[in-house]
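Listed in order, the protein sequences are those of chains A and B. Per the numbering used here, residue 84 is the first one in the first sequence, and the count goes up by one each step. Per the numbering used here, residue 84 is the first one in the second sequence, and the count goes up by one each step.
Protein chains: 2
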Amino acid sequence: MEKQTITIYDVAREANVSMATVSRVVNGNPNVKPATRKKVLEVIDRLDYRPNAVARGLASKKTTTVGVIIPDVSNIFFSSLARGIDDVATMYKYNIILANSDGSDDKEINVLNNLLAKQVDGVIFMGHHITEAIRGEFSRSKTPVVLAGSIDPDNQVGSVNIDYQAAAKEATNLLAENGNTKIAFISGSLLDPINGKERLTGYKEALSTNKLDYNEGLVFEAEYQYKMGENLAERVMNSGATAAYIVDDELAIGLTNGLLDRGIKIPEEFEIITTNNTLLTEVVRPKLTSVTQPLYDIGAVSMRLLTKMMNKEDVEEKTIVLPHGIVERGSTK
Amino acid sequence: MEKQTITIYDVAREANVSMATVSRVVNGNPNVKPATRKKVLEVIDRLDYRPNAVARGLASKKTTTVGVIIPDVSNIFFSSLARGIDDVATMYKYNIILANSDGSDDKEINVLNNLLAKQVDGVIFMGHHITEAIRGEFSRSKTPVVLAGSIDPDNQVGSVNIDYQAAAKEATNLLAENGNTKIAFISGSLLDPINGKERLTGYKEALSTNKLDYNEGLVFEAEYQYKMGENLAERVMNSGATAAYIVDDELAIGLTNGLLDRGIKIPEEFEIITTNNTLLTEVVRPKLTSVTQPLYDIGAVSMRLLTKMMNKEDVEEKTIVLPHGIVERGSTK
DNA sequence: ATGAAAGCGCTAACAA
DNA sequence: TTGTTAGCGCTTTCAT
Chain A
84 MEKQTITIYD VAREANVSMA TVSRVVNGNP NVKPATRKKV LEVIDRLDYR PNAVARGLAS
144 KKTTTVGVII PDVSNIFFSS LARGIDDVAT MYKYNIILAN SDGSDDKEIN VLNNLLAKQV
204 DGVIFMGHHI TEAIRGEFSR SKTPVVLAGS IDPDNQVGSV NIDYQAAAKE ATNLLAENGN
264 TKIAFISGSL LDPINGKERL TGYKEALSTN KLDYNEGLVF EAEYQYKMGE NLAERVMNSG
324 ATAAYIVDDE LAIGLTNGLL DRGIKIPEEF EIITTNNTLL TEVVRPKLTS VTQPLYDIGA
384 VSMRLLTKMM NKEDVEEKTI VLPHGIVERG STK
Chain B
84 MEKQTITIYD VAREANVSMA TVSRVVNGNP NVKPATRKKV LEVIDRLDYR PNAVARGLAS
144 KKTTTVGVII PDVSNIFFSS LARGIDDVAT MYKYNIILAN SDGSDDKEIN VLNNLLAKQV
204 DGVIFMGHHI TEAIRGEFSR SKTPVVLAGS IDPDNQVGSV NIDYQAAAKE ATNLLAENGN
264 TKIAFISGSL LDPINGKERL TGYKEALSTN KLDYNEGLVF EAEYQYKMGE NLAERVMNSG
324 ATAAYIVDDE LAIGLTNGLL DRGIKIPEEF EIITTNNTLL TEVVRPKLTS VTQPLYDIGA
384 VSMRLLTKMM NKEDVEEKTI VLPHGIVERG STK
C-alpha cells in the first residue's frame, strides 16, 4: 500500500494527449483547443490528479512560497502582522513558511538560510534591529526582502512602517500639554533603532517644544512583558514621573496594574499613553490611551509590496510609511 | 545579473569528486573518507554552496516541511499552540507552512489540498469541528495528520487534547460548591463537539452531582470575541445566574468588564471561571480564576507525535490527553 | 494546437 | 570508499 501518486503522465495517457498539453491546461495556457481542454479536465477530475508543487518548483524555479521570519508568533503584535501577511499571500496564491527567531541574531541567520535553501520566492522579516550580518545575507541573495515593522538603516530592501518619530512626539506632546513636566519614556532596548533613534528623538523633540528638560533618569528600558511592567512600577514612582509614554501594550498594562495596585490613581495622579492599540488596551481599567498603528495593514502592505518585487514590477517606492493616530481613552486626562 | 546558483555539480568539479560524494557529505553519510569529506566541506564553504531543498524534495520525496492549518494566528489561543509546534518542528529540522482557515469548512479543504500539493510530510490541524469532508480528505491522503486541540470523532488520525469533560465538571463543581445554584454555561458553538459534547456533559454532570437542575436558559452560545462578552452581560444578568463557566478568555474578560461596568461586584455578586489561562486572565481586575490547559505543550506534543508518525515509528497511543488544572484567582470566592 | 525532449538539482540504487 | 546512472514530476523551448 505505497503512496501511488498520479502524475501528469497518467493524465496524459488517459486523455490521449501529451504531457505538455496537460501541463498547458493545468497552467491555464490559452493554446489548447476547448475540446481538448475539456477532455483533459475530465480525466484530471476522474483521477483526482493534483500537480506536484515540488516538481513544479524545481522546473520553474518558483515555489509560490514566501518565508516569514518573526520574533514570536504568540506575541499579539507580531501575530497581527502575520495575519495581514497571510491574508494577502493567500490572495496572491502564495503560502508562507513561518519561522520564529526569538529575536536572536544567530537564529535569524540560520532561519534565513534555511528559507533560502527552500527556495522561497521572497522573505518578509520582522525583527527589532537589523544586524550587519543579516543585512549581508539580504544583499548576497537575490531574493526580494521586505521588512515589516522594522527600520532598514539604508533602504536596501523594502520596508513598511509608520512614522515612529512623529508618533512618539505627538504622544509625548499630549502628555506635556496636560501639564506633566516629568514624563517617563519607557521602551524596549534602545539599541533597536525604532526605540533608540526614532522614538527617543520624537520624545526629545516634544520635550523641547514644551520647554521641558531631557532627563535620563526618566528613560527606562524593559522587556516587552507584563511582569516587567509590574516590576517597573516602583522605579517609575520613585523617578518622580507623573506620566509615561510606553512603546508596548503588554508592558503598559503591567505598569498600569502595578501602579494601581500601589494605590496610584490613573489618570488623576499618573497618565499613561501606550503604543500598539491591541485588545489589551481595552481590557484594563481604565482603558489605555494609545498610539494606533495599523498592524494588520503593515503586514498586508508588506506582502503586497513583496508580490510586486517578486513579480519584478516597477515599485515606485519601496519604503512605505503608513498613517498612525492616537486614540484617547481613560488613562489620560 | 541572473541568479547564478551553485549546484552540487560545481562543488563536485572543484573538489575533484563525483556529485554522489558531495551528496554524501552533505547528508552526513559515514561512507566518506575523512580527507575527502574535509576537502568537499572546504569547497562547499568556499563556494558558499547551499543545497536546493526543492530538488532534494523531489528526489527524496520528503520536504521536511509540515503544514499547519490554524483558524486564526492572531488569536492568542492558537498562536500559543503554533509556537509550541514551531519550536518542536525546529528541533526536528522541519519547517512549517502556516495557513489560516478562519474556521471555514471550505477554506480548510482548500488549504489542505494546497498543502498536500506542496508535498508536506505531515499536517497539524487546529479547528473547532472536524467536518465529514475534511475527514474524507484526511483518510484519502496517506499523509500523517495530528489534531491539536480538536476532537477526532473516531480516532483515525492523531490528536492531542486535555480532558475537556473533566475540566468542565471540575470548574462547574467549584462554582456549585461556592453556593451558586444558577450557573451559566457560556461557550462557542455547541456544534463544536468540545463544547456541545465534552464540556456540556461535564457541566451537566457537575450540576447533577450537586443536585442542581439543568436549565437551557442558562446556556449561552457566543463568538470568542471581547465585544461578544460585553454584549452578553445584560442577558446573563437577566437570566438570574450568579456565576458562569466560560470556555474562552476573551469572552470571559468581555463579560467581566461588561458586568463590572453595570455595577455588579465580582466575585461577591457574580463568580466567573474561564478556561484558557492566557495572559488576559491576569490583566483584568479581578484576575480570573481559570481552567489551565498547557497550550504550548499541546502544540509541542502534537508536533512530536507527528514526527513519530512521519518517521513511521510505532506509536503506542496516538490519542493523547494532557493534564489540566484549575488556578483560583480573584473572580471566585 | 500539440508533441518531443531536454533539463531543473538532487537522491539512491547499483557497480566498481 | 567512490563513481555512474536513473529517475523524481514538472516546465519549457523547439518543432511540427
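Built from N, CA and C at the ideal position, the CB exists for glycine as well.
Closest Cα partner of residue i within the set the options
i, options, result
"A/D189", "A/K176, A/L274, A/D380, A/I217", "A/I217"
"A/V302", "A/I89, A/A98, A/G279", "A/G279"
"B/Y379", "B/M393, B/D170, B/N114, B/A95", "B/D170"
"B/S184", "B/H211, B/Q202, B/Y177", "B/H211"
"A/F353", "A/V366, A/A335, A/L362", "A/A335"
"A/V94", "A/D128, A/K144, A/I159", "A/D128"
"A/I349", "A/Q308, A/G413, A/V319", "A/G413"
"A/S430", "A/S272, A/S270, A/T264", "The question about residue 430 of chain A has no answer, for chain A in this structure spans 84 to 416."
"B/Y307", "B/E333, B/A249, B/N321", "B/E333"
"A/Q248", "A/A326, A/I381, A/N197, A/Q376", "A/Q376"
"A/L257", "A/I207, A/S270, A/N293, A/G232", "A/N293"
"B/S143", "B/N110, B/Y175, B/G150, B/K116", "B/N110"
"A/S163", "A/N178, A/K395, A/V100, A/S385", "A/S385"
"A/L343", "A/G312, A/S322, A/I329", "A/G312"
"B/E215", "B/K201, B/G205, B/P236, B/M209", "B/P236"
"B/A138", "B/I168, B/V115, B/S106", "B/S106"
"B/G418", "B/D331, B/A305, B/N298", "Residue 418 of chain B cannot be examined here, being either before or after the span of chain B that is shown, 84 to 416."
"A/T330", "A/L141, A/L273, A/N178, A/K122", "It is Val, not Thr, that sits at residue 330 of chain A in the sequence shown. Looking at the Cα atoms, A/L273 is the closest of the given residues."
"B/Y309", "A/N178, A/V366, A/V108", "A/V366"
"A/V228", "A/F268, A/G150, A/S187", "A/G150"
"A/K201", "A/S233, A/A182, A/A305, A/N321", "A/A182"
"B/L195", "A/N178, A/G219, A/N238", "A/N178"
"A/E97", "A/V126, A/K116, A/A118", "A/V126"
"B/T148", "B/L130, B/E317, B/N158, B/Y175", "B/Y175"
"A/G382", "A/L405, A/A250, A/G300", "A/L405"
"A/A254", "A/G140, A/S187, A/L283, A/M102", "A/L283"
Length of the line joining the Cα atoms of residue i and residue j
i, j, result
"B/T364", "B/V374", "11 Å"
"B/N244", "B/I266", "25 Å"
"B/P154", "A/E288", "43 Å"
"A/N261", "A/T372", "13 Å"
"B/L388", "A/G241", "39 Å"
"A/F160", "A/H407", "15 Å"
"B/T357", "A/N314", "26 Å"
"B/A47", "A/A136", "The first residue shown for chain B is 84 and the last is 416, placing residue 47 of chain B beyond what the model contains."
"A/V156", "A/E281", "25 Å"
"A/P113", "A/L124", "14 Å"
"A/F221", "B/I152", "29 Å"
"A/D397", "A/K391", "8 Å"
"A/N193", "A/L199", "10 Å"
"A/E85", "A/I91", "Per-residue confidence for A/E85 stands at a pLDDT of 43, beneath the threshold of 50, marking its modelled position as unreliable; no derived number is given."
"A/M426", "A/T226", "Residue 426 of chain A is absent from the model: chain A starts at 84 and stops at 416."
"A/I403", "A/T88", "45 Å"
"B/S270", "A/D296", "53 Å"
"A/R120", "A/I277", "55 Å"
"B/R133", "A/V319", "50 Å"
"A/T339", "A/P369", "9 Å"
"A/V203", "A/T146", "6 Å"
"A/F268", "A/E411", "18 Å"
"B/A305", "B/A316", "12 Å"
"B/I347", "A/E191", "49 Å"
Per DSSP, cross-strand counterpart(s) of residue i
i, result
"B/G150", "B/I180, B/V206"
"A/N244", "A/V404"
"B/S373", "B/T357, B/V410"
"A/V302", "A/F268"
"A/A31", "Since the first residue of chain A shown is 84 and the last is 416, residue 31 of chain A is not available in this structure."
"B/A231", "B/V243"
message: Could you tell me which whole alpha helix (DSSP H) segments of length 4 or greater appear in the region 184-229 of chain A?
response: Runs found: 188-200, 215-223.
- prompt: In chain order, what residues of the region 359-372 of chain B put their CB closer than 9 Å to some CB of chain A?
  reply: L362, L363, E365, V366, V367, R368
query: Given a limit of 8 Å on CB to CB distance, which residues of the region 328-349 of chain A reach chain B?
result: E333, I336, N340, L343
task: Output, in sequence order along the chain, the residues in the region 203-230 of chain B whose CB is closer than 7 Å to any CB in chain A.
output: K225
message: Counting only Cβ-Cβ distances shorter than 7 Å, please list the residues of the region 129-146 of chain B near chain A, keeping chain order.
response: R133, P134, N135, A136, V137, A138, G140, L141, T146
message: Quick check for students: name the residue ranges of the beta strand (DSSP E) that lie wholly in the region 84-158 of chain A, counting only runs of 3 or more.
response: 148-153
- request: Using a Cβ-Cβ cut-off of less than 8 Å, give me the residues of the region 160-194 of chain A that come near chain B, in sequence order.
  value: S162, S163, A165, R166, D169, D170, T173, N178, I179, I180, L181, A182, N183
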